[in-house]
Amino acid sequence: MKQATHQIYVPTRGKGLYDFTAQVESWLAAQKLQTGLLTVFCQHTSASLVIQENADPDVVADLADFFGRLVSEDTRLYRHTAEGPDDMTSHIRSALTQTQLSIPIHNGRLALGTWQGVYVFEHRERAHRRSVILHLLGE
Amino acid sequence: MKQATHQIYVPTRGKGLYDFTAQVESWLAAQKLQTGLLTVFCQHTSASLVIQENADPDVVADLADFFGRLVSEDTRLYRHTAEGPDDMTSHIRSALTQTQLSIPIHNGRLALGTWQGVYVFEHRERAHRRSVILHLLGE
Amino acid sequence: MKQATHQIYVPTRGKGLYDFTAQVESWLAAQKLQTGLLTVFCQHTSASLVIQENADPDVVADLADFFGRLVSEDTRLYRHTAEGPDDMTSHIRSALTQTQLSIPIHNGRLALGTWQGVYVFEHRERAHRRSVILHLLGE
């Protein structure tokens, strides 16, 4: 049994979902494992992770819109407003989605379903470079 | 340290929660491990996973109703409508719950709390056969 | 490769978020592992887990308020009301957040981001002693 860790950065350009499945798969392929478990961990509280459909780009746009409606940017609702109207909403949207995902590895590949992609969900208006830790266990 | 993977199918008959704890425990028992980590991964973006109370069936009915109110099926809200009014809502409800759960193994059994069961949360009207990947590490 | 499990209790005093990062780190330090994966599992369906900002206490207060607005305690909305108006809402708030979190270990420490803390999110009014299972794999 072997393990490996790696840090990747996912660049974002404002609110929305950013598919980084290829970045994960590329590192995984270099590890030469057949079976295992890959954990993806987002080191932020104003961006998060989600597995979503990768076939129709309308899906991730609709998803981002939904969270826009669900978590109002009306600053009168929040105490924590010093960093702008998109800060507290980012923490809430992160709590409603994932900070971490673990995906089984089968035959050397992520055992994702046909239509599944792994996304960083950026909740801030401003561009960021999001740090994601990868951890792999397997053989 | 040993690992094993397995694919199971959970049949669903429309929207709602389907307890598949027994299917997971049955496979786990055959692996003869004492301590470890079991990961359950749902290979879909219109069905998801959730751990919920298994004592009173009203709980999962109320939970399904809540998501029905929270994520409106009004198709005017969405771009992605080609597959029907319950398609984009399914992706959103999946993002709000889990695609993956990891559960510690203690004394050869899932370390669930007394009232916890593991459910597939089906978000589509139509019956499906949902693919769930199990991954086990331990000894 | 080594693994270890441990049960900790997080005392709560009504609805809100309780930082227990130090409890986890203290146990982790005693395990003397450099690299690995730590899984935190909450054995309840009326309390959950969340990773949130630990710098400004307003963040977790705002987060708790948001869930108060999102999941109404109006008992006419629910079948499952025998245990009081904060019971079914607790199950729903748990489903919307996490029952389990896995965090990579790097250089013997949790690979959390600078501002990330690990919290029990208590959804009941009454004080509880919440059972959390820790599982560690690594070397």
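Protein chains in written order, with numbering that gives the first Met the number 0: chain A, 0 to 138; chain B, 0 to 138; chain C, 0 to 138. Cβ atoms here follow ideal geometry from the backbone N, Cα and C, with glycine treated the same way.
Can you tell me the Cα-Cα spacing of residue i and residue j, whole angstroms?
i: D73/C; j: H90/C; result: 14 Å
i: H122/C; j: G15/C; result: 7 Å
i: R108/B; j: A21/B; result: 11 Å
i: D18/A; j: S25/C; result: 36 Å
i: L136/A; j: L136/B; result: 9 Å
i: P103/B; j: Q2/A; result: 19 Å
i: R75/C; j: V70/A; result: 24 Å
i: M0/C; j: K31/C; result: 12 Å
i: T34/C; j: D55/C; result: 30 Å
i: T88/C; j: A29/A; result: 46 Å
i: V9/A; j: E124/A; result: 15 Å
i: F66/B; j: P84/B; result: 14 Å
i: T113/B; j: A63/C; result: 26 Å
i: H79/B; j: E138/C; result: 46 Å
i: L27/B; j: G13/B; result: 28 Å
i: D86/A; j: D61/C; result: 11 Å
i: Y77/A; j: Y77/C; result: 28 Å
i: Q115/A; j: D57/B; result: 32 Å
i: S152/A; j: S45/C; result: Because chain A in this structure spans residues 0 to 138, residue 152/A falls outside the shown range and cannot be described.
i: T144/C; j: C41/C; result: With chain C covering 0 to 138 only, the question about residue 144/C has no answer from this structure.
Since residue i contacts residue j with CB under 8 Å, what's their CB separation in whole angstroms?
i: L133/C; j: I7/C; result: 6 Å
i: A126/A; j: T11/A; result: 6 Å
i: L100/C; j: L48/C; result: 5 Å
i: H43/B; j: T4/C; result: About 31 Å separates the two Cβ atoms, so there is no contact after all.
i: V39/A; j: V131/A; result: 6 Å
i: V140/C; j: V117/C; result: The structure shown does not extend to residue 140/C, since chain C is modelled only from 0 through 138, so no value can be given for it.
What does residue i touch in chain A if you count any residue whose Cβ is under 7 Å from its own?
i: T34/C; result: Q2 and T4
Please compile the residues from chain B whose C-beta is within a distance smaller than 7 Å of the C-beta of residue i.
i: H79/C; result: D55, D57, V58 and D61
i: W114/A; result: T44
Under the rule that 16 or more other beta-carbon atoms within 10 Å means buried, what is residue i, buried or exposed?
i: A110/B; result: buried
i: N53/B; result: buried
i: R92/C; result: buried
i: R68/C; result: exposed
i: R129/B; result: buried
i: T96/B; result: buried
i: A81/A; result: exposed
What does residue i reach in chain C if we use C-beta pairs closer than 9 Å?
i: A110/B; result: T4, Q6, F40, Q42, I132 and H134
i: F19/B; result: Here the premise fails: no neighbours, minimum Cβ distance about 16 Å.
What in chain C is Cβ-close to residue i, meaning under 8 Å?
i: H105/B; result: T4 and I132
i: H90/A; result: Q51, E52, V58, D61 and L62
i: Q22/B; result: Here the premise fails: no neighbours, minimum Cβ distance about 19 Å.
Give the residues of chain B in contact with residue i, contact being defined as C-beta atoms less than 9 Å apart.
i: T96/A; result: A94 and L95
For residue i, which residues in chain C fall below 7 Å Cβ to Cβ?
i: S101/A; result: S101
Mind listing the chain A neighbours of residue i? Cutoff is C-beta to C-beta under 9 Å, in chain order.
i: Q30/C; result: Going along chain A, no residue has its Cβ under 9 Å from Q30/C, so there is no contact; the nearest lies around 15 Å.
Interface residues of chain B around residue i at Cβ under 8 Å?
i: G137/A; result: Q2
Would you say residue i reaches chain E, if we count a Cβ-Cβ gap shorter than 7 Å as a contact?
i: G112/A; result: Protein chains in the displayed structure are A, B and C, and chain E is not among them.
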